[in-house]
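Structure first, then comments.
Residue numbers (full-length UniProt numbering): 1 to 342.
This is the structure in structure tokens:
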């Protein structure tokens with residue numbers, strides 16, 4: 001009887017230690033970043049080529065509510081895949097922000113399959129065509145550096161590790177079934193706000209080479225959607241979309257605008273309006289909210305019954321409950337460098 005009791009206590013102790021270890025690894029109450037957020041931990045995490053990647057290329061540590069919604073919705077749709085959020089303001093020695101000062105950061109840190117990593121561009125660009133360009137560029141005089149550095153970083157990350165890149169104003173609503181794909185913003189025009197590839201895909205290598213050869217920071221989108229579009233035109237003979245069918249060229253799928261852009265950039269305000277009958281988005285995998293267009297600061301307002309509020313309720317309920325519904329006043333769609341589209 002005594003031996004059975006000792007055995008039972010040992011099993012309970014093992015479970016308790018395991019739970020405590022997991023809690024410490026994910027807790028936002030620690031003073032320093034956990035050890036798994038090292039470069040080795042990153043490579044192990046993304047080694048299966050199935051990660052979902054987000055970027056923050058400013059020094060900002062507290063994600064906006066829209067960023068939180070984008071990351072949470074991806075974690076919800078892809079529960080078995082790592083959702084990795086690279087933040088330039090984060091370093092291996094950064095003190096962990098407190099819950100009260102950084103509620104969105106703490107909220108995302110607590111999601112089991114969300115991992116926050118420092119964005120080290122110099123290390124990231126090693127062994128890519130972007131390395132020499134990055135070492136020579138004077139970032140202080142670059143006109144659109146936050147966006148350009150995001151354009152470069154997303155290419156290098158997906159080329160190195162594979163997976164799916166998403167802008168931080170993209171709300172996931174169902175899994176993307178494709179491995180190598182670009183998202184059409186319009187007929188014969190690609191975005192770079194969502195794309196996915198297996199690692200070391202030659203298309204992305206060619207994109208990085210073209211990025212450097214035709215670098216021009218004065219032309220908006222030249223290193224982003226324009227780059228993807230001109231490279232796709234070299235890779236494929238683009239045709240207009242027929243009804244709702246996707247296009248395929250070699251081993252790349254060019255996905256119909258309905259997959260991510262059912263509401264076009266010229267109609268972005270419709271997300272902040274009340275609809276008589278809300279769309280089902282049955283033909284979409286995710287929704288790009290065009291936050292860069294939101295220069296007037298349209299808000300997500302509790303109880304407004306706008307399309308965007310209802311999207312939050314359904315696809316990022318934790319963000320809505322903890323960061324919007326529980327706060328005072330409205331929440332603005334603040335502009336962030338990850339929320340870029342032309």
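In this text, a Cβ means the ideal position worked out from N, Cα and C, and glycines have one as well.
Cα-Cα separation between residue i and residue j, rounded to whole angstroms
{"i": "residue 133", "j": "residue 182", "result": "25 Å"}
{"i": "residue 322", "j": "residue 140", "result": "37 Å"}
{"i": "residue 45", "j": "residue 276", "result": "44 Å"}
{"i": "residue 212", "j": "residue 160", "result": "18 Å"}
{"i": "residue 282", "j": "residue 244", "result": "11 Å"}
{"i": "residue 274", "j": "residue 307", "result": "6 Å"}
{"i": "residue 234", "j": "residue 150", "result": "23 Å"}
{"i": "residue 58", "j": "residue 74", "result": "21 Å"}
{"i": "residue 184", "j": "residue 193", "result": "10 Å"}
{"i": "residue 122", "j": "residue 250", "result": "32 Å"}
{"i": "residue 206", "j": "residue 255", "result": "20 Å"}
{"i": "residue 230", "j": "residue 136", "result": "25 Å"}
{"i": "residue 26", "j": "residue 304", "result": "Low per-residue confidence applies at residue 26: pLDDT is 45, beneath 50, and the placement is therefore not dependable, though the value from the model is reported in the following sentence. Cα-Cα distance, rounded: 34 Å."}
{"i": "residue 47", "j": "residue 246", "result": "29 Å"}
{"i": "residue 106", "j": "residue 99", "result": "6 Å"}
{"i": "residue 201", "j": "residue 242", "result": "27 Å"}
Own chain partners of residue i with C-beta closer than 8 Å, once the 5 adjacent residues on each side are dropped
{"i": "residue 218", "result": "143"}
{"i": "residue 198", "result": "49, 162, 179, 180"}
{"i": "residue 104", "result": "62, 63, 64, 65, 67, 68, 319, 323"}
{"i": "residue 51", "result": "45, 81, 82, 83, 84, 161, 162, 163, 164"}
{"i": "residue 101", "result": "62"}
{"i": "residue 119", "result": "55, 56, 57, 86, 87, 88, 90, 153"}
{"i": "residue 108", "result": "63, 68, 71, 72, 85, 114, 116"}
{"i": "residue 225", "result": "185, 189, 190, 191, 192, 193, 341, 342"}
Short Cβ contact (9 Å threshold) for residue i with residue j
{"i": "residue 54", "j": "residue 128", "result": "no"}
{"i": "residue 174", "j": "residue 77", "result": "yes"}
{"i": "residue 264", "j": "residue 232", "result": "no"}
{"i": "residue 260", "j": "residue 287", "result": "yes"}
{"i": "residue 196", "j": "residue 180", "result": "yes"}
{"i": "residue 171", "j": "residue 70", "result": "yes"}
{"i": "residue 240", "j": "residue 284", "result": "no"}
Range of the contiguous alpha helix (DSSP H) that encloses residue i
{"i": "residue 77", "result": "65 to 77"}
{"i": "residue 165", "result": "No alpha helix (DSSP H) contains residue 165, which is instead part of the beta strand (DSSP E) from 163 to 166."}
{"i": "residue 104", "result": "103 to 109"}
Boundaries (first-last residue) of the beta strand (DSSP E) holding residue i
{"i": "residue 80", "result": "Premise fails: residue 80 is in no beta strand (DSSP E) and is neither H nor E."}
{"i": "residue 288", "result": "286 to 288"}
{"i": "residue 55", "result": "52 to 56"}
{"i": "residue 182", "result": "181 to 186"}
{"i": "residue 171", "result": "170 to 172"}
Own chain partners of residue i with C-beta closer than 7 Å, once the 5 adjacent residues on each side are dropped
{"i": "residue 79", "result": "113"}
{"i": "residue 324", "result": "65, 300, 302, 312, 331"}
{"i": "residue 42", "result": "117"}
{"i": "residue 176", "result": "164, 196, 285"}
{"i": "residue 204", "result": "155, 158, 159, 197"}
{"i": "residue 271", "result": "263, 289, 307, 308"}
{"i": "residue 257", "result": "184, 185, 186"}
{"i": "residue 238", "result": "188, 232"}
Contact set for residue i: own chain, Cβ-Cβ below 6 Å, skip 5 residues either direction
{"i": "residue 152", "result": "130"}
{"i": "residue 268", "result": "290, 293"}
{"i": "residue 208", "result": "128, 129, 130, 155"}
{"i": "residue 125", "result": "131, 134, 156"}
{"i": "residue 223", "result": "148, 151, 211"}
{"i": "residue 236", "result": "249"}
{"i": "residue 316", "result": "69, 72, 73"}
Cβ of residue i within 9 Å of any chain D Cβ
{"i": "residue 43", "result": "No chain D appears in this structure, which consists of one protein chain only."}
Going residue by residue through the UniProt domain "Alpha 1,4-glycosyltransferase" (197 to 321), where are the continuous beta strand (DSSP E) segments of at least 3 residues, counting only ones entirely within it? 247 to 249, 252 to 255, 286 to 288
What are the uninterrupted segments assigned as alpha helix (DSSP H) that are 4 or more residues long and contained completely in the stretch 117 to 146, given in chain order? 121 to 125, 130 to 136
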